[in-house]
Amino acid sequence: MNLALWTVLRSVRARWGALVITVLAVALATATALVVPLVTRQVERGAQDAAQVFDLLVAAPGSSTQAVMSSLFYLDAPTGNMPERVYTALRDAPGTRRAVPIALGDTYQGFPIVGTSAAFFDQRKRPADPPYFRLTQGTLFAKEHDAVLGARAAREAGLRVGDTFTGTHGLTGPEEEEAHDEAHDEPYTVTGILAPTGGPVDRAVLTPIETVWEVHSAASSEREVTAVLYAAEQLSGIYVAAQRINAGQDAMAVFPGQVFAQARDMLVQGQAAYAALALLVLGIAALTVWLSVYTSGVERQRTVALLRVLGTGRRVVFLLVLFETGLTVLLGVGLGIGLALILSLTGGQVLGTHLGFTLAPPQLTWPLVSRVLLLLPFGLAAALPPAVLATRVSPLKLL
1 MNLALWTVLR
11 SVRARWGALV
21 ITVLAVALAT
31 ATALVVPLVT
41 RQVERGAQDA
51 AQVFDLLVAA
61 PGSSTQAVMS
71 SLFYLDAPTG
81 NMPERVYTAL
91 RDAPGTRRAV
101 PIALGDTYQG
111 FPIVGTSAAF
121 FDQRKRPADP
131 PYFRLTQGTL
141 FAKEHDAVLG
151 ARAAREAGLR
161 VGDTFTGTHG
171 LTGPEEEEAH
181 DEAHDEPYTV
191 TGILAPTGGP
201 VDRAVLTPIE
211 TVWEVHSAAS
221 SEREVTAVLY
231 AAEQLSGIYV
241 AAQRINAGQD
251 AMAVFPGQVF
261 AQARDMLVQG
271 QAAYAALALL
281 VLGIAALTVW
291 LSVYTSGVER
301 QRTVALLRVL
311 GTGRRVVFLL
321 VLFETGLTVL
331 LGVGLGIGLA
341 LILSLTGGQV
351 LGTHLGFTLA
361 PPQLTWPLVS
371 RVLLLLPFGL
381 AAALPPAVLA
391 TRVSPLKLL
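Written out as structure tokens, the structure reads:
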């Protein structure tokens, strides 16, 4: 048996070029089948994590998806503004645990300036948990034009506690802001910097909502809010508040989980088409394995004849052919899984930077792995005819 393995290894070494091509074909097919599902799940998990600290989003009537993207992720223009009374009614309503106002409209170097209240920093994933946002430097804002910076905003803008800066009117990016001359006169003073959370607040500039009203010269009767992050004492209170809001005309209640579910349904449809493409690629890889096995079967006939002369049984020859094929496929699948993890990790970091929140590392699941492991039985099935043929080789005809 040792002699048989040595002979097979010598044969593999002689055909290493063809084997490398086969392994690479299997690896690329494996990576193709895994990368998009892995990145998609990273985005889903990252988006859900960013919305866990409140129950309901209240925004101006319009697109619920746009409301979530603007007021939660700061990636879109708001659907509009609501009268301040919408916020005060929610804040003072029985059963309210927390109502956090959000006012958007200005930026600094592309980072959104978010007007809010001190209740923003008391948001928690669960009532018994510590606050989700915590300071690493300085203190929370105490008066108008104080600012608390998210970790990424402070780092990329080069701001520290005690520094001052001026905001720019409008939801502009850093490129547009440089050419924009509508900067506000009164500067903001950095009072604190938040610890990184991996969420969109990492790139936000937080200031008292009164600052936004003062900057835009809003009279008491004209004060508006962009959104309200609402949490109730009881689960039933969330639905009561949503029903009451949606019965009016000033605002709409949005359940972020429902928005994510709708987005997931759209992604599932896209993934179905991608899965068909991945299946085609895996089929091409299986065909490549079959061609490699067939070609190597023809080339190894003299080696098999030598093994038979040396006393190797038919059963051992049969198993050696299957072993060589299985090893080739497993190497390709293993390399492909590693390549998929690297690509999805890198792609997730790039995409997370663009989206404004950190994506969790890619997570392999058994359904995903089992999809590419189908190549192994396909490869072994392709190796059966050459393996059977190898057991019938006549040493006298080839040696």
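So in UniProt numbering the end of the sequence shown lands on 399, straight run, no missing numbers.
We treat Cβ as the ideally placed atom computed from N, Cα and C, and that holds for glycine.
Treat the numbers as computed from the prediction; the structure is a model and nothing was measured.
| Query | Result |
| --- | --- |
| On a Cα-Cα basis, can you pick out the residue from S71, V53, R223 and L104 that is closest to D122? | V53 |
| If A241 sits next to A93, beta carbons under 8 Å apart, how far is it from one beta carbon to the other, in whole angstroms? | 7 Å |
| In chain order, what residues of the same chain lie with their CB nearer than 7 Å to the CB of G17, ignoring the 5 residues before and after it? | none |
| CB-CB under 7 Å to I113, same chain, minus the five flanking residues each way: which ones, in chain order? | D106, T107, G167, V205 and T207 |
| Measuring CA to CA, which of T189, E210, T22 and V254 is closest to P61? | V254 |
| What residue from R392, L279, L320 and G338 has the CA that sits closest to F378's CA? | L279 |
| Would residue 473 be called buried (16 or more neighbouring beta carbons within 10 Å of its own) or exposed? | In this structure the chain extends from 1 to 399, so residue 473 is not present and cannot be described. |
| According to the neighbour-count rule (16 or more other Cβ atoms, all chains shown, within 10 Å of its Cβ), is L287 buried or exposed? | exposed |
| Would you please state the rounded distance, in angstroms, between the beta carbons of A119 and T226? I believe it to be under 8 Å. | Contact doesn't hold; Cβ gap of about 16 Å is too wide. |
| When we look at the beta-carbon of E84 and count the other beta-carbons within 10 Å, is it buried (16 or more) or exposed? | buried |
| Three-state secondary structure (DSSP) at E224? | strand |
| Does the Cβ-Cβ distance between S153 and R91 come in under 8 Å? | Sequence check: residue 153 is Ala here, not Ser. Not in contact: A153 and R91 (Cβ atoms no closer than 8 Å). |
| In whole angstroms, what is the alpha-carbon distance linking L149 and T189? | 10 Å |
| Please check the pair D146 and T191, which I expect to be a contact at CB under 8 Å, by giving their CB distance rounded to whole angstroms. | 5 Å |
| Would you kindly work out how many angstroms separate the C-alpha atoms of T96 and A231, rounded to a whole number? | 6 Å |
| Using only CA atoms, which one of T79, G332, V35 and G348 lies nearest to I21? | G332 |
| Would DSSP call P362 helix, strand or coil? | coil |
| Check P205 in the structure and name its three-state DSSP category. | Here residue 205 is Val; the residue named in the question, Pro, does not match the sequence. Looking at V205 - three-state DSSP - the assignment turns out to be strand. |
| Please work out which residues of its chain come closer than 7 Å, Cβ to Cβ, to G237, disregarding the five sequence neighbours upstream and downstream, and give them in chain order. | G95 |
| Using only CA atoms, which one of R223, E224 and T139 lies nearest to I193? | T139 |
| Once the 5 residues before and after P131 are set aside, which same chain residues still bring their CB inside 8 Å of it? | F121, D122, Q123 and R124 |
| Counting C-beta neighbours from all protein chains within 10 Å, is the total for S328 16 or more, i.e. buried, or is it exposed? | Note that residue 328 is Thr in the sequence shown here, rather than Ser. Buried, by the Cβ-count rule. |
| Tell me, to the nearest whole angstrom, how far the beta carbon of A29 is from that of G336; I am working on the premise that it is less than 8 Å. | 7 Å |
| Determine the closest residue to L380 out of T325, Q243 and L38, with distance taken between C-alpha atoms. | T325 |
| I'd like the ranges of any alpha helix (DSSP H) spanning at least 4 consecutive residues and lying wholly in the segment 67-102. | 84-92 |
| By how many angstroms is the C-alpha of F133 removed from the C-alpha of F73? | 16 Å |
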